[in-house]
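Going by the working numbering, the sequence shown opens with residue -14, and the numbers climb by one from there.
Where is the CB? At the ideal position from N, CA and C, for every residue including glycine.
Reading through the structure tokens given below for one structure.
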Amino acid sequence: MPETTRRGKSSPRGSRAAGPVLAALAVAVALAGTGCAPAGVVEPPSSDPAAAAPSSSVSRAPAASSPAPGDPGGTGAGVPASRAGAAEVPVASAALRPAAPVPAPVRLDYEAIGAEMTVVPTGVAEDGQMEIPEDASIAAWYRFGPAPADGEGNTVIAAHAGSEHTPEGPLYALRTARTGDTVRVGDESGRWHAYRVTQVERLGKDGLDFTPYFTRSGPERLVLVTCGGQWLPERQSYADNIIVVAESLD
């Protein structure tokens, strides 16, 4: 993808949820307090595949116990029972099987900006915000989305720019990121995944649609998020989001 830099107004082990792949994920990032808590509407995968994916019946030939590749809804590609032929033909459920676990990311190394951080898996808080460690020296990986080892989709990692525990966290320096920088993410298997920065964006929070950054399909990318821009005392928040997108070099 072409390299672009856009500027707006000033501004250790965690289990991944088993269940169907999300058909849609809507996340709008907002920054709260002195840090950066991605917030919005997030619907984690159900732990019950049968409850989350419509069930259909298929004939034994061909068998279809899992959805067709590329079908994020997990509805399967089977033949409806009413068209399967004689009643005695055996049928099988097309419910999606739990995905095999992949190693979670545990380290972030962005040498060009001097950021080296522990990464922990997080989900969604009761208020709809992505859970972010209070300590700005620790980053959060959105565990309901892809991990680097998945080989596709966007791995989202976010951290506060600063907090009471760490007034200036490593990702505060994300405002100095440049296209062409190399970023590495280490996972719990010991493997390091390398990425090259292709987009650096500073976007105003108001009205920002963050859905495209949370895609689970397409090329493997890394998305880093923190806050930046002008400090707004009346909101006790920064005006902007700083988003860095990097493409896989593996």
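Exercise for the section: Inspect the beta-carbon positions of Thr211 and Ala144 and report whether they are closer than 8 Å. Expected result: Going by beta carbons, Thr211 and Ala144 fall inside the 8 Å limit.
Practice task
Please name the residue in Glu137, Asp194, Pro86 whose C-alpha comes closest to that of Gly203.
Solution key: Nearest option by C-alpha distance: Glu137.
Exercise for the section: Taking the CB atoms as reference points, tell me whether Val109 and Trp126 lie closer together than 8 Å. Expected result: Cβ atoms of Val109 and Trp126: not closer than 8 Å.
Exercise for the section: Leaving out five residues on either side along the sequence, give the residues of the same chain with a beta carbon under 6 Å from the beta carbon of Trp177. Expected result: The answer, listed in chain order, is Arg169, Gly171.
Practice task
Determine the closest residue to Val141 out of Pro155, Phe195, Thr151, with distance taken between C-alpha atoms.
Solution key: Ranked by how close their Cα comes to the Cα of Val141, the residues Pro155, Phe195, Thr151 have Phe195 in first place.
Practice task
State the Cα-Cα distance for the pair Thr183 and Ser233, rounded to the nearest angstrom.
Solution key: In a straight line, the C-alpha of Thr183 is about 10 Å away from that of Ser233.
Problem - Selection from Val229, Leu156, Leu159 that minimises the alpha carbon distance to Val185 - result: Checking every option, the nearest Cα to that of Val185 belongs to Val229.
Handout entry: DSSP-derived helix/strand/coil call for Thr211
Key = The answer is strand: DSSP assigns Thr211 an E or B state.
Handout entry: Contact under 8 Å by Cβ, Val87 with Ala124
Key = One thing to note: Val87 has its Cβ no nearer than 8 Å to the Cβ of Ala124.
Handout entry: Extent of the continuous beta strand (DSSP E) run through Leu193
Key = Per DSSP, Leu193 lies in no beta strand (DSSP E) segment and is marked neither H nor E.
Problem - Span separating the alpha-carbon of Arg187 from that of Tyr157 - result: Rounded to whole angstroms, Arg187 to Tyr157 spans 13 Å at the Cα level.
Handout entry: Backbone CA spacing between Val91 and Glu173 [nearest angstrom]
Key = The straight-line gap separating the alpha-carbon atoms of Val91 and Glu173 is approximately 6 Å.
Problem - Buried versus exposed, by CB contacts within 10 Å (16 or more), Gly147 - result: Burial call: buried.
Exercise for the section: Just tell me which of Asp120, Tyr95, Ile227, Leu193 has its CA closest to the CA of Arg160. Expected result: When each option's Cα is compared against that of Arg160, the closest is Ile227.
Practice task
Have a look at Asp235 and Pro218 and give me their C-alpha separation to the nearest angstrom.
Solution key: Between Asp235 and Pro218, the C-alpha separation is close to 43 Å.
Handout entry: Contacts around Asp180, its chain only, beta-carbon distance under 8 Å, and the 5 residues preceding and following it disregarded
Key = Sequence inspection shows Tyr at residue 180; the Asp mentioned does not correspond to that position. The residues are Thr167, Val168, Arg169, Val170, Arg206, Leu207, Ala231, Glu232, Ser233, Leu234.
Problem - Strand pairing of Gly154, partner residues [DSSP] - result: Bridge partners of Gly154: none, in fact.
Problem - Status (buried if at least 16 other CB within 10 Å, exposed otherwise) for Arg128 - result: Per the 10 Å Cβ criterion, buried.
Handout entry: Selection from Glu149, Tyr95, Gln221 that minimises the alpha carbon distance to Asp120
Key = That would be Glu149, whose Cα lies nearest to the Cα of Asp120.
Exercise for the section: Would you decide whether Ala100 is buried or exposed? Buried here means 16 or more other CB atoms lie within 10 Å of its CB. Expected result: By the 16-neighbour rule on beta-carbons within 10 angstroms, Ala100 is buried.
Practice task
Have a look at the DSSP bridge pairing and note the partners of Pro90.
Solution key: Pro90 is bridged to Asp172.
Handout entry: Whole-angstrom distance between Gly189 and Trp216, CA atom to CA atom
Key = Counting only the Cα atoms, Gly189 lies some 12 Å from Trp216.
Exercise for the section: Buried or exposed for Tyr223, please, with buried defined as at least 16 other CB atoms from any protein chain shown within 10 angstroms of its CB. Expected result: Looking at its Cβ environment, which holds 16 or more other Cβ atoms inside 10 Å, Tyr223 is buried.
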